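Numbering (this note's numbering), first residue to last: 64 to 339.
Now the structure itself:
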């Protein structure tokens, strides 16, 4: 009986010490755990603006989050309580409105605290939807242009464009003259800029002499030369270069004096003579 009482006393003492140990651990650990706090601050106004960027001045689309965004709607003022920075385009920060659909509209900063909205077209899976605001562009049924089926930016192969600059005519190189005919070959389709189309011309065709009171004349070598006859076929063995007129070569026949010849169309030169 005494042994049982001793064992019960020992068990009670151990329980008491265990409780004291657990209480001590809690008193030490709990104060060390920092209390979680949420500190919210408005977004800072953007320091970089896009008013001098070529893509902004030309109203081009921008790419953000894999989709094209187009300038749409009136400019709004920056609101640090709603707008947050969400990315950048060519060094210009982009912002989204936390109270709106994040993938529908992004904002490009401008001077004076203004923001230009750029909106994504409702294409692909977004076709027929409007988000939480009415879209500025009509919703599409399917992909248009270079927008993929998911409304993502897709790089499509394009044909090369024509040259941005072309001379009014090309002088045929010295040598054997051949008739000028347009080549019937497969060429790239012009998608922009200036297209040059040469009309077919044969060697037997002549250029009509211009009419008028004084006709056509040029100033060359300190004298005035008037158009005198129809255009003639250029032959490098019969003509020699005497100078230039506003960048155009001036020729003279080797066996003729008192006349000059200036190219008018490819492969032909027009005679000019002085009037007495």
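Note that CB positions come from ideal geometry on N, CA and C, so glycine has one too.
Quick caveat: nothing in here was measured; it's all calculated off a predicted structure.
For residue i, collect the residues of the same chain with a Cβ closer than 7 Å to its Cβ; drop the 5 residues on either side in sequence, then sort them by chain order.
i	result
residue 147	106, 158, 159, 161
residue 132	124, 125, 169, 181, 182, 183
residue 311	325, 326
residue 127	150, 152, 157, 169
Please report the residue range of the beta strand (DSSP E) in which residue i lies.
i	result
residue 288	286 to 290
residue 117	Run containing residue 117: none in the beta strand (DSSP E); it sits in the alpha helix (DSSP H), 117 to 120.
residue 300	Residue 300 -> no beta strand (DSSP E), and no H or E assigned at all.
residue 163	Looking at the DSSP string, residue 163 is not in any beta strand (DSSP E), and its letter there is neither H nor E.
residue 333	331 to 336
residue 183	177 to 183
residue 127	125 to 127
residue 149	146 to 152
residue 362	This structure leaves residue 362 out entirely; the chain is present only between 64 and 339.
residue 111	Looking at the DSSP string, residue 111 is not in any beta strand (DSSP E), and its letter there is neither H nor E.
residue 281	280 to 283
residue 293	Careful: residue 293 lies outside any beta strand (DSSP E) and carries neither H nor E.
residue 322	322 to 328
residue 130	130 to 134
Residue i: buried (16+ other C-beta within 10 angstroms of its C-beta) or exposed?
i	result
residue 302	buried
residue 83	exposed
residue 153	exposed
residue 288	buried
residue 212	Here the model assigns residue 212 a pLDDT of 48, short of 50, so the residue's position is not dependable and the matter cannot be decided.
residue 122	exposed
residue 424	Absent from the model: residue 424. The displayed extent of the chain is 64 to 339, so no value can be given.
residue 80	exposed
residue 103	exposed
residue 185	buried
Would you say residue i touches the ligand GTP, meaning its beta carbon is less than 6 Å from a heavy atom?
i	result
residue 159	Within the structure as shown, the ligand GTP is missing, as the structure has no ligands at all.
Nearest CA to the CA of residue i: which residue from the options?
i	options	result
residue 150	318, 135, 125	125
residue 174	311, 112, 329	112
residue 299	153, 316, 130	316
residue 136	71, 128, 167, 80	167
residue 319	336, 329, 311	336
Since residue i and residue j should fall inside the 8 Å C-beta cutoff, what is the C-beta to C-beta distance between them, to a whole number of angstroms?
i	j	result
residue 331	residue 281	That pair is no contact at about 16 Å.
residue 7	residue 140	It is not possible to answer for residue 7, since the shown part of the chain is limited to 64 through 339.
residue 156	residue 172	6 Å
residue 138	residue 179	5 Å
Considering only residues of the same chain and omitting the five flanking positions on each side of residue i, which have a CB-CB separation below 6 Å?
i	result
residue 143	105, 106
residue 165	159
residue 338	289
In chain order, what residues of the same chain have a beta carbon less than 8 Å from the beta carbon of residue i, not counting five sequence neighbours either side?
i	result
residue 313	283, 304, 305, 306, 307, 323, 324, 325
residue 321	336, 337
residue 71	none
residue 75	none
Shorter than 7 Å from the beta carbon of residue i to some beta carbon of chain C?
i	result
residue 154	Absent here is chain C; the protein component of the structure consists of one chain.
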